[in-house]
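11 is the number of the first residue of the sequence shown in the working numbering; add one for each residue after it. Below: one structure, written as structure tokens.
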Amino acid sequence: MKTLPLSLALCVAFAMGHAHAEEVQVAVAANFTAPLQAIAKAFEKDTGHTVVAAYGATGQFYAQISNGAPFEVFLAADDSTPLKLENEHRTVPGSRFTYATGKLALWSATPGYVDEQGDVLKANTFRHLSIANPKTAPYGLAATQVLDKLKLTEATKSKLVEGQNITQAYQFVSTGSAELGFVALSQVYKDGKLTGGSAWRVPAQLHEPIRQDAVILDKGRDNAAAKALVDYLKGPTAAAIIRSFGYEL
Numbered sequence: 011m012k013t014l015p016l017s018l019a020l021c022v023a024f025a026m027g028h029a030h031a032e033e034v035q036v037a038v039a040a041n042f043t044a045p046l047q048a049i050a051k052a053f054e055k056d057t058g059h060t061v062v063a064a065y066g067a068t069g070q071f072y073a074q075i076s077n078g079a080p081f082e083v084f085l086a087a088d089d090s091t092p093l094k095l096e097n098e099h100r101t102v103p104g105s106r107f108t109y110a111t112g113k114l115a116l117w118s119a120t121p122g123y124v125d126e127q128g129d130v131l132k133a134n135t136f137r138h139l140s141i142a143n144p145k146t147a148p149y150g151l152a153a154t155q156v157l158d159k160l161k162l163t164e165a166t167k168s169k170l171v172e173g174q175n176i177t178q179a180y181q182f183v184s185t186g187s188a189e190l191g192f193v194a195l196s197q198v199y200k201d202g203k204l205t206g207g208s209a210w211r212v213p214a215q216l217h218e219p220i221r222q223d224a225v226i227l228d229k230g231r232d233n234a235a236a237k238a239l240v241d242y243l244k245g246p247t248a249a250a251i252i253r254s255f256g257y258e259l
């Protein structure tokens with residue numbers, strides 16, 4: 011009986027392993043855009059499965075999922091929305107878990123504008139302060155909690171510029187529409203350093219923890235790629251990527 015050359019045998023094994031590769035539709039909280047893009051690239055290389063992702067506000071995704079959107083996995087920016095979907099029997103039982111704990115930052119595109127203690131916020135000399143919609147975006151809700159804690163809600167009320175999600179809140183600052191704003195640390199932080207501008211890493215005690223949960227939705231119940239992605243998010247490759255963007259696990 012003839013045996014295949016080692017190189018050919020490895021190619022055959024690789025092809026067989028990817029023969030049943032599938033596609034998974036994922037709804038992803040906007041703050042997790044860059045990490046998920048990096049994770050998806052590694053995931054596709056390692057498993058052969060393909061990730062098709064949509065990015066937006068957690069609250070908006072909840073409405074879409076409730077109305078029958080074809081998402082199979084949901085990576086939320088909080089833990090309450092996936093739990094709510096679970097209680098409504100729209101998820102695969104036992105699939106929900108916390109994949110990251112988010113961090114909030116006060117950021118300006120201008121170097122030196124935001125000090126490391128966040129005193130620029132208390133000085134209140136800026137014209138516009140960008141935040142994500144607190145009704146649909148957990149990072150926006152956290153921003154309002156910080157303002158409440160610092161007793162700055164009334165003082166900054168007329169200066170708030172609301173983004174539909176955390177990506178738009180970031181864009182308002184990056185384009186100069188607002189001098190500074192509350193963004194996800196992951197949007198301005200990579201591999202242990204700020205990627206540009208100036209920022210104050212908001213202390214965790216100033217807002218409720220931003221625990222971000224993932225869950226397999228009912229439409230992904232029989233999709234091998236959905237389960238594979240959730241398992242991959244729990245593994246070392248994904249963990250290293252998630253930490254590199256400033257999240258905690």
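For every residue, glycine included, the Cβ atom is placed at its ideal position computed from N, Cα and C.
Could you say which of the options lies nearest to residue i if we only look at CA atoms?
i    : options                   : result
T60  : R231, A44, K237 and L227  : K237
G245 : A40, N233 and L259        : L259
K51  : L239, A115, Y257 and Y109 : L239
S118 : A248, H30, V198 and D241  : V198
Q127 : P213, L93, E172 and A165  : P213
A188 : E96, G202 and G173        : G173
V183 : L116, F84, Q70 and A64    : L116
R100 : T68, K229, A250 and V36   : K229
K200 : Q47, S254 and A110        : S254
P144 : L170, D129, D125 and F136 : L170
I'd like the span of the alpha helix (DSSP H) that includes residue i, first residue to last.
i    : result
T177 : I176 to S184
Q236 : Gln is not the amino acid found at residue 236; the sequence shown has Ala there. A236 -> alpha helix (DSSP H) spans A234 to L243.
S90  : S90 to N97
Y149 : P148 to K159
R253 : P246 to S254
A165 : T163 to T166
Taking the alpha-carbon positions, what's the residue i to residue j distance?
i    : j    : result
I252 : A86  : 14 angstroms
A25  : D56  : For A25, the pLDDT reaches just 42, beneath the cut-off of 50, and the residue's location in the model is therefore unreliable, leaving the point undetermined.
S196 : R231 : 30 angstroms
L157 : H138 : 14 angstroms
F192 : R221 : 17 angstroms
G66  : A147 : 9 angstroms
E105 : L160 : The question names Glu, but residue 105 is Ser in the sequence shown. For S105 and L160, the distance between alpha carbons rounds to 37 angstroms.
P45  : P103 : 26 angstroms
I141 : A31  : 40 angstroms
F71  : T91  : 9 angstroms
I75  : F84  : 9 angstroms
P121 : N77  : 44 angstroms
A29  : G58  : With a pLDDT of 48 at A29, under the threshold of 50, the modelled position of that residue is not reliable, and the figure given next carries that caveat. So the two alpha carbons sit approximately 8 angstroms from each other.
E96  : T185 : 38 angstroms
P219 : T247 : 24 angstroms
S168 : H217 : 21 angstroms
L190 : T177 : 14 angstroms
P49  : D88  : The question names Pro, but residue 49 is Ile in the sequence shown. Each residue's alpha carbon lies about 19 angstroms from the other.
A8   : A40  : In the structure as shown, the chain starts at 11 and stops at 259, and residue 8 therefore has no counterpart that could be examined.
L93  : A110 : 16 angstroms
K203 : Q47  : 19 angstroms
L243 : E98  : 24 angstroms
T108 : N175 : 21 angstroms
D241 : T43  : 19 angstroms
G27  : N233 : Low per-residue confidence applies at G27: pLDDT is 46, beneath 50, and the placement is therefore not dependable enough to give any value.
Please determine whether the Cβ atom of residue i lies at a distance below 7 angstroms from any heavy atom of the ligand ATP.
i   : result
F81 : In terms of ligand content, the structure shown is empty, and the ligand ATP therefore cannot be addressed.
Look at the Cβ atom of residue i, then the Cβ atom of residue j, and state whether they are nearer than 8 angstroms.
i    : j    : result
L227 : F81  : yes
A224 : E33  : no
Y149 : S208 : no
N134 : A179 : no
K113 : G206 : no
L162 : L131 : yes
V36  : V62  : yes
On the DSSP letters alone, give me the boundaries of the beta strand (DSSP E) that residue i sits inside.
i    : result
G66  : T60 to G66
V212 : Neither: V212 is in no beta strand (DSSP E) and is coded neither H nor E.
E172 : L170 to G173
L46  : Not the beta strand (DSSP E): L46 falls in the alpha helix (DSSP H), residues T43 to T57.
T33  : The sequence given here places Glu at residue 33; Thr does not occur at that position. From DSSP, the beta strand (DSSP E) with E33 extends over E33 to A39.
A188 : First-last for A188: undefined, no H or E at that position.
D201 : Run containing D201: none; DSSP gives neither H nor E here.
D228 : It is not in any beta strand (DSSP E) - D228 carries neither H nor E in the DSSP assignment.
Segments of 4+ residues assigned as alpha helix (DSSP H) that fall wholly inside the region 78-139: 90-97 and 129-133
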